[in-house]
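So for the sequence shown, our numbering puts the first residue at 324; every next one is plus one. Think of the CB as a built atom: it goes at the ideal place given N, C-alpha and C, for glycine as much as any other residue. Structure, as structure tokens:
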Amino acid sequence: MGASSRSGRTTARELLEELLAKDRQVVAACVDGRVVDLHTPIEVDPEVTVTPIRVNDDDALPIIRHSAAHIMADAVQQLFPGTKVTIGPATRAGFYYDFERSEGTFSEEDLGRIEEKMKTIAAGKHPFVREVVSRQQAHQLFADMGESYKRELIDAIAEGEEISLYRHGGDGSRWVDLCQGPHVPHTGFLKAVKLISVAG
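Laid out in structure tokens, this is it:
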């Protein structure tokens, strides 16, 4: 896609609105060389270049893996209440998430249960929703959730830097994480997953 004819503050979703109505394979966008998800606010001018990123593009894989890590953490906390989460990035080989639980590491049987729960979450096609909050709001949210590691991560964010959260899930079970993104539009973009190992 070439230059945009809009100016001001908008989102990649709005800029690609006509294309998205016809192409359901778009997972994100490249805005002047920067990869963003479709609902990240961007400042645009008539010269901005917005290129769609489709599910089979190379740039899509890290985004899909990152979203899969969030879905895995959601599944774990639904199946094993009280489990605390730290970080869950995409890697060259896939993705991971660090957890703390009083019962110790997960078993092979646990991995199978987590995979099945991930499939259920993915099938719901729950939107990933981005939210910008204040440092105080973020601290209070994760304090209420008992997520001490997330509060440590908040403290490491430089003053003046934007603090964003991502949520997904159905009513009453919306999972939330401290995260810069980007993410796929909804959980349904996770088509297949295989959990292969547990680190001690």
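With a threshold of 6 Å on Cβ separation, who are the neighbours of residue i within its own chain once the five nearest residues in sequence on each side are excluded?
i	result
residue 423	407
residue 463	none
residue 377	348, 349
residue 418	388, 391, 392
Return the residue from the list the options that minimises the CA-CA distance to residue i.
i	options	result
residue 451	379, 383, 378, 508	508
residue 475	364, 459, 365	459
residue 505	398, 432, 353, 415	353
residue 368	335, 376, 468, 383	335
residue 483	467, 461, 457	457
residue 351	383, 366, 345, 481	383
residue 432	402, 446, 416, 444	402
Go ahead and label residue i buried or exposed: buried means 16 or more other beta carbons lie within 10 angstroms of its beta carbon, across all protein chains shown.
i	result
residue 470	buried
residue 348	exposed
residue 453	buried
residue 448	exposed
residue 514	exposed
residue 492	buried
residue 455	exposed
residue 375	buried
residue 478	exposed
residue 381	exposed
So what does DSSP say about residue i, is it helix, strand or coil?
i	result
residue 487	strand
residue 410	coil
residue 328	Bear in mind that the predicted position of residue 328 carries a pLDDT of just 44, short of 50, making it unreliable; the figure below should be weighed with that in mind. Residue state, collapsed to three classes: coil.
residue 450	strand
residue 481	coil
residue 339	coil
residue 362	coil
Residues in the same chain with beta-carbon distance under 8 Å from residue i, minus the five sequence neighbours each way, listed in chain order, please.
i	result
residue 379	348
residue 396	408, 411, 420, 422, 498, 500
residue 385	413
residue 325	Legend: pLDDT at residue 325 = 44, less than 50; position of this residue unreliable, no value from coordinates given.
residue 485	455
Using C-beta distances below 7 Å, list every residue in its chain close to residue i, excluding the 5 sequence neighbours before and after it, in chain order.
i	result
residue 516	391, 438, 441
residue 473	465, 501
residue 355	371, 372
residue 519	none
residue 399	406, 422, 437
residue 362	334, 336, 453
residue 435	none
Taking only heavy atoms of the ligand SAH into account, decide whether any of them is closer than 8 Å to the Cβ of residue i.
i	result
residue 424	Judged by which ligands are present, the structure shown has none, so any question about the ligand SAH falls away.
So the beta strand (DSSP E) residue i belongs to, where does it begin and stop?
i	result
residue 354	349-354
residue 421	No beta strand (DSSP E) holds residue 421; DSSP gives it neither H nor E.
Could you give the first and the last residue of the continuous alpha helix (DSSP H) run that contains residue i?
i	result
residue 388	383-402
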